[in-house]
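Per full-length UniProt numbering, residue 1 is the first one in the sequence shown, and the count goes up by one each step.
Backbone N, C-alpha and C define an ideal beta-carbon position, used for all residues, glycine too.
Comments concern the structure below.
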Amino acid sequence: MALHMSALTRSANQRFTRVLARTSGACSLGGGIWSMHFIGMLAFAPCANGVFSTLYSALSVTPSLLGAWWVMRELQRPATRGLRLLGSGSLFAIGIAAMHFGGMTASDTASYTYYAPQGLVLAIVVGVGLATLALAVHQRLLQSGARVLYATLLSGSLLGLSVAGMHYAAMGAIYLPAGLEVAPDPTAPDYWPVVIVTASVCLALGLLVLGVNLGVRRNQLFAQILRSEARLRAVVDTAVDGIIMIEGDGRICAFNPAAERLLGWSAAEVLGRNVSMLMPPTEQQAHDGYLQRHLRTGATSIIGSGREVHALHKEGEQVAVRLAVGRVQTEGPPLFVGFLTDIRQRRAMEASLRHSEEQHRTLISNIPGVTFRRAGGGIWQPMFLSKPVETLTGWPAEALLSQPQRMEALVLPQDIPGLTEAVYSAIDAGVAYSHEYRLRHRDGSVRWVRESGRGVYDEDGQLRWIDGVLIDHTETKARNAEFEGTVTAINRAVAVVEYSLDGHVLHANQNFLDMFGYTLDEVQGEHYHLFCLDTPQCHAETALMWQQLQRGDFASLECQARVKHGELLWVQTTFSPILDACGKTLRITQLLTDITASRTLSEALLQAKEKAEAEAAAAARSTFLANMSHEIRTPMNAIIGFSETLLDTPLGATQQRYVETVYRSARSMLRLLNDILDTAKLDKGAVQLEEEDFVVADVCHLVVGTLRIQAEKKGLHLLLDIQPQVPAYLRGDALRIQQVLTNLMGNAVKFTERGHVLLEVGYHQGMLQLRVQDTGIGIAQEKLSHIFDPFAQADASTTRRYGGTGLGTTISRQLTQLMGGQISVRSQLGAGTEFLVQLPLPAGQAPERRLPAAHGATLPALRILAVDDVPQNLELLQVVMQRYGHNVALAHDGHEAVRLRQTQDFDLILMDLQMPHMDGLEAARSIRHWEVAHGQRHMPIIALSASVLAQDRQNSDAAGMDGFATKPLELPKLMAEMARVLSDPPPATPAGAPLQAAAPAATSTYPLDDSVADWDAGLALWGGVEPLRAAWARFLGEQQGRTQELRQRVQQGDWEAIRTTVHRMRGAAGNLGLQPLQALLAQMEHDAQHQDRAALEPQLPQLATALAQVEALLRASAPAATPTAPPRTAATLSPAQQSQALAALHALGEALQQGEIASPALQAVQQLLPAPELVALLEALDLFEFERALECVRTLSTRLETCVDDEPHAHLTPQP
């Protein structure tokens, strides 16, 4: 019983259960020992006659209980060995001995009872040995897997023997004193009560142990059931497959989570409902029939087997599953369990495998050539052949697979050994092989094939089979043979050499070696430079060409080559890169042909031709230069001679200035003519430079001013940018610099249709840098290298469209080089051109300049109405016109001009075009309408405008105006235009003298700062420094706060107000000689018209700076008297002069019709007719526009003839 409780103790999971089982087992074992002891003592006669002490008897059970508790504790351990096992047995035996001898002490016989020592020792040895043996046997049996019952019975028997053995061995060791007789005592008390008590105690302990055993066992069984149920539930809940339990009538009674995930239903939604809800409609009735038939007949068509079906998902889609149904054998109603496995992934994998197999079949069928697999036992045993084998051999794959020997028969016998060696060598080495051999087609033809394959090995390294492919190379072989024949023919015909990519010789044919005199060993590995000229230019060109060849470009050229002993050959050579399949250059092949003989003959012929052409050109040039020199020098001598003569006579200041200008210009022209015509002298560098101090700004402004009108006519912005670091004065030939700039900027204006032309002036380390940039048509890159050649232009269409001789850039380069500088050009077609001139010029000193004399007048006193919205412009017109005796009335807008015309009479109206409220065009139309309506005479009107666009001229003509003059005012042109408009002027009496007395010649100087103002232009208009300074002061006063006003209008986006304001400021600045300020305002007007805020905002600070510079110049300029010259006296043309003028014009017209200029006739016209009348004619002649000049001659002739018919004297003033 105790050992059985120990087994329960080991299997118990709760501590209380283990303690209870251990305690009950200890009580059972201890009580059994105690009961056995007292029952055994009763069998001993002395003890049976004695009396037992109740107290000692009860206390004697304690050692047995302790010993039993220790044994129960050790039995609970999984393993006890060695000394611990022996100690446990000893403690148990000591407990038995203590209980035994304590029980003996409870008997009254203890006083005369003795023990033999040997017996006591034997009793202890027997108890310890048997107890230890019992414990060892129990543990060994349990560890060996024996049944618990067997281990319990055997070890329990041994424990019982240990208890009984010790008891009876101890009892056998008792001996009584000698002579003591033990006989039954009739008076002794009855020992049956002791027996009954002992038996009762033993029975009570047994019942206690039995009750505890039953309780513990019940708890263990209940816990085991709970664990089993939990494990079963865990298995069902964690199962990957869906598990559904149904009753015999088809109702669902269990639905695990896997089924929920698979079918989308929750257990609560399906429990108690028929399982047919989870099936497609086509299978619902059949399933119910299956269950009923099984329950009725026991048929197992669907029970105990699996099949693939479709289940119905909650969302309505059908789910492919594998269903296995089993019946659970239980008491009561039948129960069925269905296992559902999701096979959608498996089916997808099967479909993927089928697709992969189809792809594999398609791939095999589309691979070029024949795909094969051969058995590892021999190369003539095919296991697989793709369908193209029939095309290659003429035999279908089935025939070759069924008869392997036929495959061997297809190979030409002489190629079999090589194929066999290639295959087996590759298999032994474990590498791939490729071999080319011949097959005989079924039709008898021979096919070249290339076989490539590799052995496939198993895990043990044994060859399983050979996989490979057969490619038909018959056509490739034919092409290669043809190519080799071509290469052989080339090698026989020309010299051929092959180079590596870095230019080293790889191979050369015999023709090459014979041509250059080398052997193959001498040239192999040598660099290409061995055959080139040893010059830097040749090396540079070769390096550039080699880079092109390495990129794969083809090259062909004629050049000189150096042979072995240094001689030179002319060769026609072609370099051809050899490319790989990816287009990458592998090597370079050069083909050479010796053309030395033909080249020598060609050069001789070319030299003879060039010599003849050069001699003819030299003769023609000499003849042309001699004739041109004679034709031009003749009139130039007259001009210079008469100018010198006039300078020796008394002249007015204006006349003096005019004649000096003519004289200086004629001398300059003669000087340039001498240098240009004497080309031999120029080529030899014999042109002499005249170095003198000059003002850089003067030269630049002069060039810009000369070209300004031409630029404005084309709508171009002519810009000048002088960098701050440029010295004010330099020393050099200003005339040559002016000539270079005129040529370059003239070309820029000519070839620019829109945009701007910029002259940028810089100075760095003693070098004057002149940069001319335009936005014109540009120059093609292939033409740039010839742009400085004589008579060179972009193409023939350029000459036809723009005219010119093409000498401008040539002369510019020659002059630049003469001055020790250099000139360069860069251009982009359609984007513009930039010339850069760099001249080494030292700093100079300030030269003195004289005030220009005032312009004279050739018109009689007139009544003039001046109309302008800018006060400075009105003031200028009044000052200039009154200086020459004209009466001037002023109007500030169009309305006032119309009113004054209707109330007063004038000879002429000068009308500004752009004015607020009513502009000049509208005012002119109103005046013309009023004149027609009231029958008034036609009053001449001249339009004044800062624009030179053709549209403005057309608009003024359409409005009824008679003339057009540009601003800033140019008095000669304005006077000429006034004279032209007044075609019937008043009698040619001199106009009244100017209000100021004239000085003979102005000699005072003025502050020189051409970067802010053009003094020449300003003084020419205003007649003196003080009037000009006063006009500047009034202008600055009116512009106070103007910059801030413009800034606000820019922020507001009031573009029309900005444009109007800037236009008025621009006109005033031009009339005041403030050309830089005028240029800035012109750009601002352009940007305002295009509403370009980004460009306009940075210009506002520039405007403030420009106004501040004018103010600074005003303060710096010292007041000086600026006398004006009286006008020239005018004389009417006599009849003889009229006839002379008509004859000269007629002769000049005939010459112009022939494309020539009659110099004597032109001189006569200039002497007889006033200069204003000849402005248009001379301008046309300067530009070589003969048709326009011819038209001017005809106009002048018509006017002279009209004057001859109407008046006895012509009203054209002769030239003094």
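Check your understanding: With burial defined as no fewer than 16 other Cβ atoms inside 10 Å of the residue's Cβ, what is the status of Thr371: buried or exposed?
Key -> In the sequence shown, counting from the first residue as 1, residue 371 sits at position 371. It is buried - the Cβ of Thr371 has at least 16 other Cβ atoms within 10 Å.
Exercise for review: Classify Val71 as buried or exposed, calling it buried when 16 or more other Cβ atoms lie within 10 Å of its own Cβ.
Suggested key: The residue you call residue 71 lines up with position 71 of the sequence shown. Its Cβ being crowded by 16 or more others within 10 Å, Val71 is buried.
Check your understanding: Which residues in the same chain as Phe835 place their Cβ atom closer than 7 Å to its Cβ, once the five residues preceding and following it in sequence are excluded?
Key -> The residue you call residue 835 lines up with position 835 of the sequence shown. Cβ neighbours of Phe835 beyond the five flanking positions: Leu744, Val772, Ile823, Val825.
Practice item. Leaving aside the five residues before and after Asp237 along the sequence, list all residues of the same chain whose C-beta is less than 7 Å from its C-beta, in chain order. Key: Here the question's residue 237 lines up with position 237 in the sequence shown. Here the set comprises Asn256, Pro257.
Review point. What are the residues that DSSP puts in a beta bridge with Phe575?
Key: What you label residue 575 is simply residue 575 of the sequence shown in a count that begins at 1. For Phe575, DSSP records a beta bridge to Ala555, Gln590.
Check your understanding: Relative to the alpha-carbon of Gln1044, which residue among Asn1071, Ala1013, Leu1107 has its alpha-carbon at the smallest distance?
Key -> Taking the sequence shown and counting its residues from 1, the one referred to as residue 1044 is at position 1044. Ranking Asn1071, Ala1013, Leu1107 by Cα distance to Gln1044 puts Leu1107 first.
Review point. Would a C-beta distance cut-off of 9 Å place Ile174 and Tyr115 closer than the cut-off?
Key: Sequence index remark: in the sequence shown, residue 174 carries index 174 (1-based). Sequence index remark: in the sequence shown, residue 115 carries index 115 (1-based). It is a contact, given that the beta carbons lie within the stated cut-off.
Review point. Considering only C-alpha positions, which residue in the set Glu1056, Val1050, Pro1135, Thr420 is nearest to Ala1095?
Key: Residue 1095 sits at position 1095 when you count from the first residue of the sequence shown. Nearest option by C-alpha distance: Val1050.
Review point. From the DSSP output, which residues share a beta bridge with Gly306?
Key: Sequence index remark: in the sequence shown, residue 306 carries index 306 (1-based). Within the DSSP secondary-structure output, Gly306 pairs in a beta bridge with Ala324.
Review point. With a CB to CB cut of under 7 Å and the five nearest residues on each side skipped, what residues in its chain are close to Arg440?
Key: Locating residue 440 in the sequence shown gives position 440, counting from the first residue. Closer than 7 Å at the Cβ level, and outside the excluded window around Arg440, lie Leu410, Leu412, Val446.
Practice item. Go to Pro871, then tell me how far its alpha helix (DSSP H) extends in each direction, as first and last residue. Key: The residue you call residue 871 lines up with position 871 of the sequence shown. Taken as a continuous stretch (DSSP letters only), the alpha helix (DSSP H) holding Pro871 covers 871–883.
Practice item. State the beta-bridge partners of Met279 as determined by DSSP. Key: By one-based count along the sequence shown, residue 279 stands at place 279. None, per the DSSP bridge assignment.
**Study point:** Check whether Leu579 and Leu569 have beta carbons under 9 Å apart
**Key:** Counting from 1 along the sequence shown, the entry for residue 579 is found at position 579. Counting from 1 along the sequence shown, the entry for residue 569 is found at position 569. It is not a contact, given that the beta carbons lie outside the stated cut-off.
Review point. With distances taken from CA atoms, which of Leu1019, Phe339, His938 is nearest Leu982?
Key: Within the sequence shown, the letter at position 982 stands for residue 982. Taking only the C-alpha atoms, the option nearest Leu982 is His938.
Practice item. Closer than 6 Å by C-beta to Tyr518: which residues in its own chain qualify, once you throw out the five before and the five after it? Chain order, please. Key: Taking the first residue of the sequence shown as 1, we reach residue 518 at position 518. The answer, listed in chain order, is Lys564.
**Study point:** Contact under 9 Å by Cβ, Val1193 with Leu1145
**Key:** If you number the sequence shown from 1, residue 1193 lands on position 1193. If you number the sequence shown from 1, residue 1145 lands on position 1145. By the CB criterion at 9 Å, Val1193 and Leu1145 fall inside the cutoff.
Point to revise | Option in Pro871, Ile471, Ser386, Thr775 with minimal Cα separation from Ala831 | key: The residue given as residue 831 occupies position 831 in the sequence shown. Check the Cα spacing between Ala831 and each of Pro871, Ile471, Ser386, Thr775: the tightest is with Thr775.
Review point. Assuming Leu910 and Leu944 make a contact with CB atoms under 8 Å, what is their CB distance in whole Å?
Key: Here the question's residue 910 lines up with position 910 in the sequence shown. Here the question's residue 944 lines up with position 944 in the sequence shown. Taking 8 Å as the upper bound for CB-CB distance, Leu910 and Leu944 are in contact here, some 6 Å apart.
Check your understanding: What residue from Tyr499, Leu520, Met515, Leu591 has the CA that sits closest to Trp546's CA?
Key -> Here residue 546 corresponds to residue number 546 of the sequence shown, with the count starting at 1. Ranking Tyr499, Leu520, Met515, Leu591 by Cα distance to Trp546 puts Tyr499 first.
Exercise for review: Could you pull out every unbroken beta strand (DSSP E) segment of at least 3 residues lying fully inside the region 694–729, listed in chain order?
Suggested key: Listed in chain order, they are 717–722.
Review point. What do you reckon, are the CB atoms on His886 and Leu874 nearer than 9 Å?
Key: Taking the sequence shown and counting its residues from 1, the one referred to as residue 886 is at position 886. Taking the sequence shown and counting its residues from 1, the one referred to as residue 874 is at position 874. No.
Point to revise | Identified DSSP bridge partners for Ser356 | key: As a first step, residue 356 is located in the sequence shown; it is residue number 356 there, counting from the start. Note: Ser356 sits in no beta bridge, so no partner.
Check your understanding: Taking buried to mean at least 16 other C-beta atoms within 10 Å of its own C-beta, is Thr1105 buried or exposed?
Key -> Counting from one through the sequence shown, the residue named residue 1105 turns up at place 1105. Under this definition Thr1105 is an exposed residue.
Exercise for review: Classify Gly338 as helix, strand or coil using the three-state DSSP reduction.
Suggested key: Numbered from its first residue, the sequence shown carries residue 338 at position 338. It is a strand residue.
Review point. Going by other Cβ atoms of all chains shown within 10 Å of its Cβ, with 16 needed for buried, is Phe483 buried or exposed?
Key: Here residue 483 refers to the residue found at position 483 of the sequence shown. Label assigned to Phe483: exposed.
Check your understanding: What are the boundary residues of the beta strand (DSSP E) that includes His565?
Key -> Here residue 565 corresponds to residue number 565 of the sequence shown, with the count starting at 1. For His565, there is no enclosing beta strand (DSSP E), as DSSP marks it with neither H nor E.
**Study point:** Other residues of its chain near Pro987: CB distance less than 6 Å, five sequence neighbours each side excluded
**Key:** Reading the sequence shown from its first residue, position 987 is the one you call residue 987. With a pLDDT of only 34 at Pro987, under 50, the local geometry of the prediction cannot be trusted, and the value read off the model is given with reservation. Listed in chain order, the non-local C-beta contacts of Pro987 below 6 Å within the same chain number zero, local neighbours out to five positions each way being set aside.
Review point. On the three-state DSSP scale, how would you describe Ile96?
Key: By 1-based counting over the sequence shown, the position of residue 96 is 96. Of the three classes helix, strand and coil, the one that applies to Ile96 here is helix, per DSSP.
Check your understanding: Roughly how many angstroms lie between the CA atoms of Ile225 and Ala169, to the nearest whole one?
Key -> As a first step, residue 225 must be located in the sequence shown, where it is residue number 225. As a first step, residue 169 must be located in the sequence shown, where it is residue number 169. A direct Cα-Cα distance of roughly 49 Å separates Ile225 from Ala169.
Review point. For the 8 Å Cβ check, are there 3 or more pairs between the region 691–704 and the region 726–741?
Key: Yes: the two stretches touch, three or more of their Cβ pairs being nearer than 8 Å.
Check your understanding: Unbroken alpha helix (DSSP H) runs of length 4 or more, entirely within the UniProt domain "HPt" (1024–1117): which are they?
Key -> Listed in chain order, the alpha helix (DSSP H) elements of length 4 or more contained wholly in the UniProt domain "HPt" (1024–1117) are 1025–1038, 1042–1052, 1055–1071, 1075–1089, 1093–1096, 1099–1116.
Check your understanding: How is the alpha helix (DSSP H) around Tyr528 delimited, first residue to last?
Key -> Here residue 528 corresponds to residue number 528 of the sequence shown, with the count starting at 1. In the DSSP assignment, Tyr528 falls outside any alpha helix (DSSP H), carrying neither H nor E.
Exercise for review: Identify, in the order they occur along the chain, each residue of the same chain with its Cβ nearer than 6 Å to the Cβ of Thr809, setting aside the five sequence neighbours on each side.
Suggested key: Counted from its first residue, the sequence shown places residue 809 at position 809. The residues are Ile787, Phe788.
**Study point:** Same chain only: Cβ atoms within 6 Å of Leu768, ignoring 5 sequence neighbours per side
**Key:** Residue numbering aside, residue 768 sits at position 768 when the sequence shown is read from its first letter. Close CB contacts of Leu768 within its chain, under the 6 Å cut and outside five residues either way in sequence, are with Leu839, Leu841 (chain order).
Exercise for review: Measure the C-alpha to C-alpha separation of Leu133 and Leu158 and round it to an integer number of angstroms.
Suggested key: Numbered from 1 along the sequence shown, position 133 holds the residue referred to as residue 133. Numbered from 1 along the sequence shown, position 158 holds the residue referred to as residue 158. Each residue's CA atom was taken as its position, placing Leu133 and Leu158 some 7 Å apart.
Check your understanding: At what residues does the beta strand (DSSP E) containing Val411 begin and finish?
Key -> Counted from its first residue, the sequence shown places residue 411 at position 411. That residue, Val411, is in no beta strand (DSSP E); it is neither H nor E in DSSP.
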